[in-house]
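Residue numbering for the sequence shown follows full-length UniProt numbering, starting at 1 and increasing by one per position. Heads up, the beta-carbon is just placed ideally off N, CA and C, and yes, glycines get one too. As the structure is a prediction and not an experimental result, all values here were calculated from the model.
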Amino acid sequence: MPVVNYDLLCAISKLGPGDKYELHTATPTTPSVVIHVCDDERGDSSAPDDSDQDDKPRPLRPKIIQTRRPDFTPGVEQ
């Protein structure tokens, strides 16, 4: 059964473009997890809906090239 973290949803809903929210602080053995909110390319911060139809087409998104996973060396702690 999925779990909904309402504290996380509330924190994300309050963020604006350029803001960030730290989900998990770093420890000596783990990195921190931070959410960064991106700016909208069209200049507005609202999500597009059916009533928001422009005559101009949206620009194509660049293709994301997947990088190769680093080689695994057994016995080496990172």
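Proximity to residue i [Cα-Cα], best of the options
| i | options | result |
| --- | --- | --- |
| Ile12 | Pro62, Thr25, Cys38 | Cys38 |
| His36 | Glu22, Pro57, Pro2 | Glu22 |
Where residue i falls: helix, strand or coil (DSSP)
| i | result |
| --- | --- |
| Leu15 | coil |
| residue 94 | Absent from the structure is residue 94, since the part of the chain shown begins at 1 and ends at 78. |
Under 8 Å between C-beta atoms of residue i and residue j
| i | j | result |
| --- | --- | --- |
| Val33 | Lys20 | no |
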